[in-house]
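**Q**
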Amino acid sequence: MTFIAPVKFAIDLLAVLLLALGIKGLSKVRSAREANRLAAIAMILAAFGVLFNSQGTIGISLNSWIWIISGTLIGGFLGALTAKRVPMTAMPEIVALFNGCGGMSSLLVALGVALFPSVEGSDSSVGELVRNFSIFVSLFVGAITFSGSIVAMAKLQGWLSTPSWTQSKARHFFNILCAVLVLIGGIYLLIDGQNGLFLIVVASSLLGIGVTLPIGGADMPVVISLLNSYSGVAAAAAGFVVGSQLLIVAGAMVGAAGLILTQVMCDGMNRSLVSVLFGGALGSSSVTSGGGGGEYTNITSCSPEECALTLEAAEKVIIVPGYGLAVAQAQHTLREVTRVLENADIEVTYAIHPVAGRMPGHMNVLLAEADVPYEQLKEMDVINPEFPATDVVLVLGANDVVNPQAKNDETSPLYGMPVLDVQEARTVFVVKRGMSAGYSGIKNDLFDLQNTSMVFGDAKKVLGDLLLELKELGVGSKG
Amino acid sequence: MSFFSEALWVLLLGSLLGLELIGKVPPTLHTPLMSGANAISGITMLAALTLIIKSGDNLPLLIIGSISLGFALFNVIGGFLVTDRMLAMFSRKKTRK
Chain L
1 MTFIAPVKFA IDLLAVLLLA LGIKGLSKVR SAREANRLAA IAMILAAFGV LFNSQGTIGI
61 SLNSWIWIIS GTLIGGFLGA LTAKRVPMTA MPEIVALFNG CGGMSSLLVA LGVALFPSVE
121 GSDSSVGELV RNFSIFVSLF VGAITFSGSI VAMAKLQGWL STPSWTQSKA RHFFNILCAV
181 LVLIGGIYLL IDGQNGLFLI VVASSLLGIG VTLPIGGADM PVVISLLNSY SGVAAAAAGF
241 VVGSQLLIVA GAMVGAAGLI LTQVMCDGMN RSLVSVLFGG ALGSSSVTSG GGGGEYTNIT
301 SCSPEECALT LEAAEKVIIV PGYGLAVAQA QHTLREVTRV LENADIEVTY AIHPVAGRMP
361 GHMNVLLAEA DVPYEQLKEM DVINPEFPAT DVVLVLGAND VVNPQAKNDE TSPLYGMPVL
421 DVQEARTVFV VKRGMSAGYS GIKNDLFDLQ NTSMVFGDAK KVLGDLLLEL KELGVGSKG
Chain V
1001 MSFFSEALWV LLLGSLLGLE LIGKVPPTLH TPLMSGANAI SGITMLAALT LIIKSGDNLP
1061 LLIIGSISLG FALFNVIGGF LVTDRMLAMF SRKKTRK
């Protein structure tokens, strides 16, 4: 039976290699899909490695097999079902849900080992202090990941609103109290390995809720990305608990990658991670802080009919899709409108702000789902020089990302955020439900400009009307 | 070298690798990447497997392990499938052009 250890070792190495290649490949459009499969194969290999090694050394009892198979089937089936059923617009929520479950899994492992110390990790050289500390980290991070992810999902789904106390100073008190309780539980656990377990789990869960609940909807993706990073940390901690280096590598990779991704998202929104986590909703503080305020003086509103007439005469049109488009699920209607325009030989491109939609890259996914050719999606730096040569810009449910204040007004809270220069175009139509402020709560100077017209209404309905008008005008109907 | 110091090296190098791998990603892929990385974090299923295998006839432990395994696989399988669904949309566009 001497060949078992080397074989297991080789499998683990191969799995790590494939995982690393997978993450690497996921960062390029061409290789992303294969990379995802590669990572999936790596996971299967890794699981096989554990089963093979255990069967060969200590043996796996029939009883264990039954529990393994039932856990696998139930979890796997539900996961597959969820993945197939969920609409593309709900992607951030679903990532949060999956992520929370990963955290819960790490938590349960640590709990199991802590409650029944007889089943210690495969390597008994792990000292008691190290083991208890790993259990502590695994419980703490796992619980925060789980409760935080579930709150994030519920908030994105609109099941949970933001209670007023979470916007006051009281929340800091609450969170600090929870953190202190976690520490007390941790100290108990480090001393004797059992006491304080449930204190840690409960206090950490409350901390996860207390930290996530005050965060506004548009910041949620950052939080989800951060929690994704945490679940990697939790997995690495679980690796210390059961003595698996493969787990530690994979967990560390995901943890580090998640941090980078979180940072990238923050940069795109011109927000620091600290202000996302501790600042509460931006809107509540910045509106009163002066700068960027003021009333609208020169709003022009128009009907879809007028909008259609202008579009008919255009040669170059740029679409700026935003959060509102995703909420109204109007991407398919939008695609029909652009098809009509394309048939009339009007050049249509899409300007994608780095944080358009609900997560970076989410808008690309939504538009891809609606059959928009990938080549028509232009990133901000590419499209910005093109606005002056553009006849019509159609802003759909985007607000802060097209606010010229970010460039012109040094007192504005948005100042410095990269924005799309839509005001350079000849005509700008802004489709919006009402005059309510954007996520940031800041007045948008764009709406006051001479060349901007507002088309009020739900993005899907407006686009539907626009489509009818265009067809009535005979735009794009060949012949 | 003890498991612990070895494991710390593994942790350090794994973290550095993770930082390097994600260096330059086009924004298009941030969501799929997040989802894919999320699926990989379900690797904690290995810990759940180990727990079940080592628990022998300890029923509460078997149950905890099995639930843990279920949660992890929900994460892994759901995560990979959903990522694939997103990426399929990009590649479909590519081939048709």
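In order, the protein sequence lines correspond to chains L and V. Residue numbers for the first sequence follow my numbering, so the first one is 1 and each next one is one higher. Residue numbers for the second sequence follow my numbering, so the first one is 1001 and each next one is one higher. We treat Cβ as the ideally placed atom computed from N, Cα and C, and that holds for glycine.
1) Nearest-angstrom Cα distance between V/Arg-1085 and V/Glu-1020?
2) Assign L/Leu-466 to one of two classes, buried (16 or more other C-beta atoms within 10 Å of its C-beta) or exposed (fewer than that).
3) Please list the residues of the segment 299–326 of chain L that have a C-beta atom closer than 8 Å to any C-beta atom in chain V, keeping them in chain order.
4) Does the separation of the CB atoms of L/Gly-324 and L/Gly-397 fall below 8 Å?
5) Excluding five sequence neighbours on each side, which residues of the same chain lie with their C-beta closer than 7 Å to the C-beta of L/Lys-460?
6) In chain V, which residues lie less than 7 Å from L/Thr-2 when you measure between Cβ atoms?
7) With DSSP as the reference, identify every bridge partner of L/Ile-318, one or two as the case may be.
8) Answer with yes or no whether the minimum CB distance from V/Ser-1041 to chain L is below 8 Å.
9) Roughly how many angstroms lie between the CA atoms of L/Val-337 and L/Leu-177, to the nearest whole one?
10) So, L/Leu-394 versus L/Val-317, is the Cβ gap smaller than 8 Å?
11) Does chain L have any CB closer than 8 Å to the CB of V/Ser-1005?
12) Going along the chain, which residues of its own chain have a beta-carbon closer than 7 Å to the beta-carbon of V/Ala-1088, five neighbours each way excluded?
13) I want to see whether chain V comes within less than 8 Å of L/Lys-8, judged by CB atoms only; does it?
14) Excluding five sequence neighbours on each side, which residues of the same chain lie with their C-beta closer than 8 Å to the C-beta of L/Ser-205?
15) Run through the segment 43–118 of chain L for me and flag every whole alpha helix (DSSP H) of 4 or more residues, listed as ranges in chain order.
16) Under the rule that 16 or more other beta-carbon atoms within 10 Å means buried, what is L/Arg-33, buried or exposed?
17) For a test of the three-state rule: what should DSSP assign to L/Ser-286, helix, strand or coil?
18) Which of the three DSSP states is assigned to L/Ser-453 in this structure?
19) Let me see if you follow: with CB-CB separation under 8 Å, is L/Asn-63 close to chain V or not?
20) Helix, strand or coil: which one does DSSP assign to V/Phe-1004?
21) Which value, in whole angstroms, describes the spacing of the CA atoms of L/Ile-23 and L/Leu-97?
22) In chain order, which continuous runs of the alpha helix (DSSP H) of length 4 or greater are located wholly inside the segment 196–259 of chain L?
23) Is there contact between the segment 1003–1013 of chain V and the segment 344–357 of chain L, where contact requires at least three CB pairs shorter than 8 Å?
24) L/Thr-310: which of L/Gly-232, L/Val-455 and L/Gln-263 sits nearest, CA to CA?
25) Could you check whether L/Trp-67 and V/Gly-1065 sit closer than 8 Å to each other, using their CB atoms as the reference points?
26) Skipping 5 residues on each side, what residues in its chain have a beta carbon closer than 8 Å to that of L/Ser-125?
27) Let me see if you follow: with CB-CB separation under 8 Å, is L/Ala-154 close to chain V or not?
28) Classify L/Val-274 as helix, strand or coil using the three-state DSSP reduction.
29) Which residues in chain V sit within 9 Å of L/Thr-452, going by Cβ to Cβ distance?
30) Between the beta-carbon of L/Leu-473 and the beta-carbon of L/Glu-312, is there less than 8 Å?
31) With DSSP run on the structure shown, which of helix, strand or coil describes L/Thr-427?
32) At the 8 Å Cβ level, is L/Leu-78 part of the contact set with chain V, yes or no?
33) For L/Asn-480, which residues in chain V fall below 7 Å Cβ to Cβ?
34) Which bits of chain V does L/Glu-369 rub up against, with CB to CB less than 8 Å?
35) Check the Cβ of L/Val-348 against every Cβ in chain V and list those closer than 7 Å, keeping chain order.
36) Is L/Asn-403 buried or exposed, if buried means 16 or more other CB atoms sit within 10 Å of its CB?
**A** Concretely, from the data shown:
1) As a first step, residue 1085 of chain V must be located in the second sequence, where it is residue number 85. As a first step, residue 1020 of chain V must be located in the second sequence, where it is residue number 20. The alpha-carbon atoms of V/Arg-1085 and V/Glu-1020 are separated by roughly 26 Å.
2) In the first sequence, the residue the question calls residue 466 of chain L occupies position 466. When all chains shown are included, L/Leu-466 counts as buried.
3) none
4) Numbered from 1 along the first sequence, position 324 holds the residue referred to as residue 324 of chain L. Numbered from 1 along the first sequence, position 397 holds the residue referred to as residue 397 of chain L. It is a contact, given that the beta carbons lie within the stated cut-off.
5) Within the first sequence, numbered from 1, the residue matching residue 460 of chain L stands at position 460. The residues are Ala-328, Gln-329, Ala-330 and Thr-333.
6) Position 2 of the first sequence, counting from 1, holds the residue named residue 2 of chain L. Simply none; closest approach about 20 Å.
7) Numbered from its first residue, the first sequence carries residue 318 of chain L at position 318. Looking at the DSSP assignment, L/Ile-318 forms a beta bridge with L/Thr-349 and L/Val-393.
8) Taking the first residue of the second sequence as 1, we reach residue 1041 of chain V at position 41. Yes, V/Ser-1041 counts as interfacial toward chain L.
9) If you number the first sequence from 1, residue 337 of chain L lands on position 337. If you number the first sequence from 1, residue 177 of chain L lands on position 177. Cα-Cα distance, rounded: 54 Å.
10) Counted from its first residue, the first sequence places residue 394 of chain L at position 394. Counted from its first residue, the first sequence places residue 317 of chain L at position 317. The answer is yes: Cβ separation under 8 Å.
11) Counting from 1 along the second sequence, the entry for residue 1005 of chain V is found at position 5. It does not; no Cβ of chain L falls within 8 Å.
12) The sequence position of residue 1088 of chain V within the second sequence is 88, counting from 1. Nothing meets the Cβ criterion.
13) Translated into positions along the first sequence, residue 8 of chain L becomes position 8. Judged by the 8 Å Cβ criterion, L/Lys-8 is not in contact with chain V.
14) Mapped onto the first sequence, residue 205 of chain L falls at position 205. Counting only Cβ-Cβ distances below 8 Å, and skipping sequence neighbours, we find Ala-143, Ile-144, Phe-146 and Ser-147.
15) 62–85 and 91–115
16) Along the first sequence, one-based indexing puts residue 33 of chain L at 33. Label assigned to L/Arg-33: buried.
17) Locating residue 286 of chain L in the first sequence gives position 286, counting from the first residue. Low confidence applies here, because L/Ser-286 scores a pLDDT of 38, under 50, leaving its location unreliable; read the following figure in that light. L/Ser-286: helix per DSSP, three-state reduction.
18) As a working mapping, residue 453 of chain L is identified with position 453 in the first sequence. Note: L/Ser-453 maps to strand in three-state DSSP.
19) Here the question's residue 63 of chain L lines up with position 63 in the first sequence. With 8 Å as the cut-off, L/Asn-63 counts as an interface residue toward chain V.
20) In the second sequence, residue 1004 of chain V corresponds to position 4, counting from 1. Three-state result, V/Phe-1004: helix.
21) One-based indexing of the first sequence puts residue 23 of chain L at position 23. One-based indexing of the first sequence puts residue 97 of chain L at position 97. Cα to Cα, L/Ile-23 sits roughly 21 Å from L/Leu-97.
22) 197–212 and 220–242
23) no
24) Here residue 310 of chain L refers to the residue found at position 310 when the first sequence is read from its first residue. When only C-alpha atoms are compared, the closest one is L/Val-455.
25) For this step, residue 1065 of chain V is matched to residue 65 along the second sequence. For this step, residue 67 of chain L is matched to residue 67 along the first sequence. Yes, Cβ-Cβ distance for V/Gly-1065 and L/Trp-67 is below 8 Å.
26) Within the first sequence, the letter at position 125 stands for residue 125 of chain L. Legend: pLDDT at L/Ser-125 = 48, less than 50; position of this residue unreliable, no value from coordinates given.
27) Here residue 154 of chain L refers to the residue found at position 154 of the first sequence. Not one chain V Cβ lies under 8 Å of L/Ala-154.
28) Here residue 274 of chain L corresponds to residue number 274 of the first sequence, with the count starting at 1. L/Val-274: helix per DSSP, three-state reduction.
29) Your numbering for residue 452 of chain L matches position 452 in the first sequence. Under the 9 Å cutoff, chain V gives no residues; its nearest Cβ is about 26 Å from L/Thr-452.
30) Along the first sequence, one-based indexing puts residue 473 of chain L at 473. Along the first sequence, one-based indexing puts residue 312 of chain L at 312. In contact: L/Leu-473 and L/Glu-312 (Cβ atoms closer than 8 Å).
31) Here residue 427 of chain L refers to the residue found at position 427 of the first sequence. If DSSP states are grouped into helix, strand and coil, L/Thr-427 belongs with the strands.
32) One-based indexing of the first sequence puts residue 78 of chain L at position 78. L/Leu-78 counts as touching chain V.
33) Within the shown structure, residues of chain L are numbered from 1 to 479, placing residue 480 of chain L beyond reach of any answer.
34) Position 369 of the first sequence, counted from the first residue, corresponds to residue 369 of chain L. In chain order: Met-1089.
35) Residue 348 of chain L sits at position 348 when you count from the first residue of the first sequence. Near L/Val-348 there are no residues of chain V at all, since even the closest Cβ is about 15 Å away, more than 7 Å.
36) Translated into positions along the first sequence, residue 403 of chain L becomes position 403. Burial call: buried.
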